[in-house]
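Notes to accompany the following structure.
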Amino acid sequence: MRPTIRFAAAFALLLVMLTTLASGFPTDVKASDARTDEREFLILGFGDSLMAGYGLPAKDGFTSRLEEALRRDGYSVRVINAGVSGETTSGGRARLAWTLAGLPRAPDLLILELGANDAIRGIDPAIVRDNLSAIVSELQKRDIPVLLTGMRAPPSLGPDYVRRFEAIYPDLARRFRLCFDPFFLVDVAARPELNQADRIHPNRDGVARIVARLAPLVESALAGRCPALPSPAVGTANESHGG
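All the letters of the sequence shown, read from the start, carry residue numbers 9 to 251 under this note's numbering.
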C-alpha cells in the first residue's frame, strides 16, 4: 500500500473511532447540569402556627411561598417548615436542639417567629425575653445566622404589658446584632380580607403579602447585609428590661 493510501485509511479509521467514542456521551448537557457544586441555601422557619401555615394547604404556607419567591429571584434554596401550632417561646426553647439535630446540615439562616401565643396567654414578658435570648444565644454558638421577627401583644393586656412585651424584640435584635423585622403581620393583622375566618391566621393572600415584604430581607440576611437598628430613645432601654 502506498504511503498516501495508508495515511488516508488511518485517518478514516480515526474518524470512525472518534465518532464511536462521542456517541457514548450526552450531547445535550445543560449549563445547569454542570453546576453540580452550586451551593443550595438551607433556611429553617422556626415558629408557631404563623410559621406552620395553620389552616392552609402546605403549598400555601409561609415557608413554601418564601421558597418559591426566592427561587424566582434566582436562589438555589430549600426552606424547611419547623413551625408548631400553639407553640410558646418555652416550647421553642425546649425543642431547638433536636430540631437542629434532625436537619441534613446547619441552616444558612433561621427565621425565628415566636411569642404570639405567649402574649395571648399573658405570659410574663421576662420569661419570653429569657426564652428568646436563650434560643438566639444557642444559635449564635452554632454560628447560625438569625432573622428575628417581632410580635405585638393584645391591647387588652394593658399598656404596661404591651410596652414590656413589644420592647423585647428590638432589644434582642440590638443586643445580638440580628437581622430584624419589627412585626411578622405588618399590613395583615386585623384585616379580614387577608385572614382566615378566625381573624388570627393569614389566608393565602395574607401569606403572599408577608412573603413579598420579607423576601428582600431574607435575601439581605443570606448575603450578610442586614441594616443596623437605630439606638433606642433615651430612657426606653432601661424601662424595657423591667419585665
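We treat Cβ as the ideally placed atom computed from N, Cα and C, and that holds for glycine.
- Would you grab the beta carbon distance between residue 121 and residue 157 for me? Rounded to a whole angstrom, and I think it's under 8 Å. Right, the Cβ-Cβ distance comes to about 5 Å (below 8 Å), so this counts as a contact.
- Query: For the alpha helix (DSSP H) that residue 55 lies in, which residues bound it at each end?
  - Reply: First-last for residue 55: 49 to 55, but that is the beta strand (DSSP E), not the alpha helix (DSSP H).
- Task: Could you tell me if residue 60 is buried or exposed, where buried requires 16 or more neighbouring beta carbons within 10 angstroms of its beta carbon?
- Result: By the beta-carbon neighbour count (other beta carbons within 10 angstroms, threshold 16), residue 60 is buried.
- Item | Three CB pairs or more closer than 8 Å across the segment 96 to 105 and the segment 138 to 149 | They touch, by the three-pair rule.
- With 16 as the cutoff for other CB atoms within 10 Å, does residue 220 come out buried or exposed? It counts as exposed.
- So residue 157 is in the beta strand (DSSP E); what residue range does that whole segment cover? Counted as a single uninterrupted DSSP element, the beta strand (DSSP E) harbouring residue 157 occupies residues 154 to 157.
- How many Å lie between residue 71 and residue 160 at the Cα? The alpha-carbon of residue 71 is positioned some 21 Å away from that of residue 160.
- Message: I'd like the span of the alpha helix (DSSP H) that includes residue 89, first residue to last.
- Response: No alpha helix (DSSP H) holds residue 89; the beta strand (DSSP E) holding it covers 85 to 91.
- Task: For the segment 88 to 131, list the alpha helix (DSSP H) runs that are entirely contained and at least 4 residues long, ordered along the chain.
- Result: With a minimum length of 4 residues, the continuous alpha helix (DSSP H) runs that stay inside the segment 88 to 131 are 97 to 109, 124 to 129.
- Query: Looking only at its own chain, which residues have a Cβ that is under 8 Å from the Cβ of residue 216, when we skip the five neighbours before and after it?
  - Reply: Around residue 216: 73.
- Just how far apart, CA to CA, sit residue 51 and residue 228? When rounded, the distance between both Cα atoms is 13 Å.
- Looking at residue 154 and residue 108, is the spacing between their C-beta atoms short of 7 Å? Cβ atoms of residue 108 and residue 154: not closer than 7 Å.
- Message: Just to confirm before moving on: does the CB-CB distance between residue 63 and residue 209 stay below 7 Å?
- Response: Cβ atoms of residue 63 and residue 209: closer than 7 Å.
- Message: Considering just the uninterrupted stretch of the alpha helix (DSSP H) at residue 189, what are its terminal residues?
- Response: It is not in any alpha helix (DSSP H) - residue 189 instead sits in the beta strand (DSSP E) that spans 187 to 189.
- How would you call residue 42, buried or exposed, if buried means at least 16 neighbouring beta carbons within 10 angstroms? With a pLDDT of 28 at residue 42, under the threshold of 50, the modelled position of this residue cannot be trusted, and the question is left open.
- Query: What did DSSP end up calling residue 139 once you bin it into helix, strand or coil?
  - Reply: Of the three classes helix, strand and coil, the one that applies to residue 139 here is helix, per DSSP.
- Consult DSSP for residue 178 and reduce its assignment to one of helix, strand or coil. If DSSP states are grouped into helix, strand and coil, residue 178 belongs with the helices.
- Length of the line joining the Cα atoms of residue 44 and residue 95: Confidence is the limiting factor: at residue 44 the pLDDT is only 30, short of 50, which leaves the residue's position unreliable, though a coordinate-based value still follows. Cα to Cα, residue 44 sits roughly 38 Å from residue 95.
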